[in-house]
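Trainee:
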Amino acid sequence: MKNILLRTAEIEDADELGSLHVRTWQETYTGLLPNEFLEKTTINSRVEMWQRVLSQMETLGVVSVVVAQGAEGIIGFASSSKQRNIDLVEMGYLGEIGAIYVLNSFQNKGIGSALMREMARALSERKLNSASLWVLEDNSPALRFYEYHGAKPLNLSKPFTDGSSIREMAYGWRDLAPLIY
């Protein structure tokens, strides 16, 4: 993770985050999600989303948004929040990791692990000592990454979007402490 700075995202990062969000989705989900869906995910819509998230974090229940910045600009990001799924709250998962993305060319360098650690730390500081996330069932690299970091499948799944045959499954950590090393 040489020459990579992890820092809290700021509203001024919304443009770069929007662009990076679309790029990482294209890299990650081509072949997993329909091309029409990926083509409808525009930079403008993601910039607007990040402007809203970064300016209304408390209202939206967002705990943390962290970016990984290199000489090239922002090359990865992660976000966490209070748990949004009532079933997962009832199962005892109080926090949620909403996103963790790193450009393919920067993967396998410890950046994703560092972002994961920052999300676990931010949630734990809010006394949200357990967390879950949603991952596409067919996203093998992500499943391996989360399992490597101690996440367990939670026997809960949902359609990726309304009416979709593509499914996401919940993974979780009962205790985030081992991620904060």
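In our numbering, the protein residues as written are 276 to 456.
Just so it is clear, CB atoms sit at the ideal spot from N, CA and C, and this is done for glycine as well.
1) Should the segment 283 to 300 be regarded as contacting the segment 320 to 336, the criterion being three or more beta carbon pairs within less than 8 Å?
2) Where do the ends of the beta strand (DSSP E) carrying Pro-309 lie?
3) With DSSP as the reference, identify every bridge partner of Thr-316, one or two as the case may be.
4) Starting from Glu-412 and walking both ways along the beta strand (DSSP E), at which residues does that stretch end?
5) Using 8 Å as the Cβ pair cut-off and three pairs as the minimum, do the segment 427 to 437 and the segment 393 to 402 touch?
6) Return the CA-CA distance between Met-444 and Trp-409, expressed in angstroms with no decimal places.
7) So the alpha helix (DSSP H) Met-391 belongs to, where does it begin and stop?
8) Using a C-beta cutoff of 8 Å, does Ala-445 count as contacting chain C?
9) Can you tell me the Cα-Cα spacing of Ala-353 and Gly-373, whole angstroms?
10) Under DSSP, the beta strand (DSSP E) around Gly-367 begins and ends at which residues?
11) So is Arg-359 buried or exposed if we call it buried at 16+ other beta carbons inside 10 Å?
12) Here's the rule: buried if 16 or more other CB atoms are within 10 angstroms of the residue's CB, otherwise exposed. What is Ser-439?
13) Provide the residue span of the beta strand (DSSP E) that contains Gln-344, from first to last.
14) Tell me whether Gly-438 sits in a helix, a strand or coil according to DSSP, three-state version.
Mentor: Let me spell this out:
1) The segment 283 to 300 and the segment 320 to 336 touch, with no fewer than 3 CB-CB distances between them shorter than 8 Å.
2) First-last for Pro-309: undefined, no H or E at that position.
3) Within the DSSP secondary-structure output, Thr-316 pairs in no beta bridge.
4) Careful: Glu-412 lies outside any beta strand (DSSP E) and carries neither H nor E.
5) Taking a contact to require three or more Cβ pairs closer than 8 Å, the segment 427 to 437 and the segment 393 to 402 do not qualify as touching.
6) Computed Cα separation, rounded: 5 Å.
7) Residues 386 to 400.
8) This model lacks chain C altogether; it includes just one protein chain.
9) Those two C-alpha atoms are separated by around 7 Å.
10) In the DSSP annotation of this structure, Gly-367 is not part of any beta strand (DSSP E), being labelled neither H nor E.
11) An exposed status is given to Arg-359, since fewer than 16 other beta-carbon atoms sit within 10 Å of its beta-carbon.
12) Ser-439 comes out exposed.
13) First-last of the beta strand (DSSP E) with Gln-344: 337 to 345.
14) Of the three classes helix, strand and coil, the one that applies to Gly-438 here is coil, per DSSP.
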